[in-house]
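Participant:
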Amino acid sequence: MKSIELKNITKEYDGNPIIKNLNLNIKENEFWTLLGPSGCGKTTILRLIGGFEEPTSGEILFQGKNITEVPSYNRQINTVFQKYALFPHLDVYENIAFGLRIKRVDESIIENKVTHMLKLVNLEGFETRRIDSLSGGQQQRIAMARALVNEPKVLLLDESLSALDSKLRKEMQIELKNMQKKLGITFIFVTHDQEEALTMSDKIVVMDKGEIHQVGTPVDIYNEPKNIKVARFIGESNILCGEMKQDMLVNFSNRDFQCVDKGFEDNESVDVVIRPEDVDIVQPEEGFLTGKITSVRFKGVHYEMIIKSDGFDWIAHSTVMRPVGNEVGIKVDPENIHVMRKIGGDEN
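Residue numbering for the sequence shown follows the working numbering, starting at 67 and increasing by one per position.
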């Protein structure tokens, strides 16, 4: 069932469109991520859903009902912001209870709900702690508890992990995903971190310049990018100009290669994407192409090597290091050659 529907949404500031005629259907009980570079409009969408902004045109539906003009405090939607905005003069218990007190909820119910939330975010026994005595990760959990105690149908998270260090951020990614599964509500998360989106999401919405370029599962987005902008933003890629000679046969680097893509016009200009982990480094006589290693970097789980071949710098990831200066062959399996139609205004 659809939780949030955005219909023909346009948002302008001083006549400049930030969001352009955008349509999006977000299903219930899933973890959705809006992913894109800074300024692409993802936070604006979150603010429109939360009721902190109104669209210039278009409609926002929640469970089939138009909420475009419904104020934020009357929506069953809560938000955790990048800056957690906790109240420093209140202890942990009162921070979580704040929204319930505004609604004049009975004290016994408040106690039960706050206790439940503290257990959910693994902070039992922290009731009387001051906010300024908590770590960044603990403050993030309190902000989550304060939002969730009101039992929203949708939780919005605006780059809520960006202030955390790398190790804690990874831990919180797992906790957030587990929390969403336990609660069975819709999470809509905003980030520009590709790894974060791939780790946590059921669905990813890839955006650029106020437009949606692809919606899909993390596996789909990574393995089958729809266009060059998605490929460039999700992970590292080798991106080459090519020509689709016919179904399942593409030409790039002045050679024909078997591939698995169909449905293109004969001799259509295309973009070709090959992920670095799909580049096999072999002996020169075994490769479809040959080149010279010009750079080697150790990246922990693999070596990243740059191979110059016919003027193109190939990126290859491998657990086996080849020294700089080595002549090598390059081989790619047909299923790892991703062919995409060119999009307007794109230049490689």
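Glycine included, every Cβ here is placed at the ideal spot set by N, Cα and C.
Note that the coordinates shown come from a computational prediction; the quantities given were computed from them, not determined experimentally.
Opposite E309 in the DSSP bridges: which residues?
Facilitator: For the purposes of this step, residue 309 is taken as residue 243 along the sequence shown, with counting starting at 1. In DSSP, E309 forms a bridge with N317, S335.
Participant: Quick one: Cα of G81 to Cα of T122, how far?
Facilitator: Numbered from its first residue, the sequence shown carries residue 81 at position 15. Numbered from its first residue, the sequence shown carries residue 122 at position 56. Near 10 Å, if we compare the C-alpha coordinates of T122 and G81.
Participant: Are the beta-carbon atoms belonging to D327 and V405 less than 9 Å from one another?
Facilitator: In the sequence shown, residue 327 corresponds to position 261, counting from 1. In the sequence shown, residue 405 corresponds to position 339, counting from 1. Taking 9 Å as the Cβ cut-off, D327 and V405 qualify as a contacting pair.
Participant: Determine the direct distance from the alpha carbon of L90 to that of K131, and round the result to whole angstroms.
Facilitator: The count along the sequence shown starts at 1 and reaches residue 131 at position 65. The count along the sequence shown starts at 1 and reaches residue 90 at position 24. Rounded to the nearest angstrom, the two C-alpha atoms are 15 Å apart.
Participant: Could you tell me which uninterrupted beta strand (DSSP E) segments, each at least 3 residues in length, are contained entirely in the region 81 to 160, listed from first to last along the chain?
Facilitator: Runs found: 82 to 93, 97 to 101, 123 to 128, 143 to 146.
Participant: Starting from the C-beta of E96, find all residues in its chain whose C-beta is less than 7 Å away, skip the five residues before and the five after it, and write them out in chain order.
Facilitator: One-based indexing of the sequence shown puts residue 96 at position 30. Result list for E96: T252, D268, K269, in chain order.
Participant: With DSSP as the reference, label D344 as helix, strand or coil.
Facilitator: Within the sequence shown, the letter at position 278 stands for residue 344. Of the three classes helix, strand and coil, the one that applies to D344 here is helix, per DSSP.
Participant: Take G203 and list the residues in its own chain whose beta-carbon comes closer than 8 Å to its own, dropping the five residues that flank it on each side.
Facilitator: On the sequence shown, residue 203 is found 137 positions in, with the first residue counted as 1. These residues qualify, in order along the chain: L230, L234, E237, M238.
Participant: Does the separation of the CB atoms of E78 and E125 fall below 9 Å?
Facilitator: Your numbering for residue 78 matches position 12 in the sequence shown. Your numbering for residue 125 matches position 59 in the sequence shown. Against a cut-off of 9 Å, the Cβ pair of E125 and E78 comes out as no contact.
Participant: Quickly, what does DSSP pair G395 with across the bridge? List them, please.
Facilitator: Start at 1 with the first residue of the sequence shown, and residue 395 comes out as number 329. V348, T356.
Participant: For the alpha helix (DSSP H) containing V296, list its first residue and its last residue.
Facilitator: Against the sequence shown, residue 296 aligns to sequence position 230. From DSSP, the alpha helix (DSSP H) with V296 extends over 294 to 299.
Participant: For the alpha helix (DSSP H) that contains T265, what are its first and last residues?
Facilitator: Taking the sequence shown and counting its residues from 1, one reaches residue 265 at position 199. First-last of the alpha helix (DSSP H) with T265: 260 to 266.
Participant: Could you check where the alpha helix (DSSP H) with K247 kicks off and where it finishes?
Facilitator: Taking the sequence shown and counting its residues from 1, one reaches residue 247 at position 181. Unbroken alpha helix (DSSP H) run through K247: 232 to 249.
Participant: For Q205 and E135, I'd like the C-alpha separation in whole angstroms.
Facilitator: In the sequence shown, the residue the question calls residue 205 occupies position 139. In the sequence shown, the residue the question calls residue 135 occupies position 69. The alpha-carbon atoms of Q205 and E135 are separated by roughly 32 Å.
Participant: Taking C-alpha atoms, which residue in A213, V171, R167 lies nearest to L186?
Facilitator: Sequence index remark: in the sequence shown, residue 186 carries index 120 (1-based). Out of A213, V171, R167, A213 has the C-alpha closest to the C-alpha of L186.
Participant: Between D344 and N293, is the Cβ-Cβ spacing less than 9 Å?
Facilitator: Here the question's residue 344 lines up with position 278 in the sequence shown. Here the question's residue 293 lines up with position 227 in the sequence shown. No, these two residues do not count as a Cβ contact at 9 Å.
Participant: Name the DSSP beta bridge partners of I254, please?
Facilitator: Counting from one through the sequence shown, the residue named residue 254 turns up at place 188. I254 is bridged to W98, L222.
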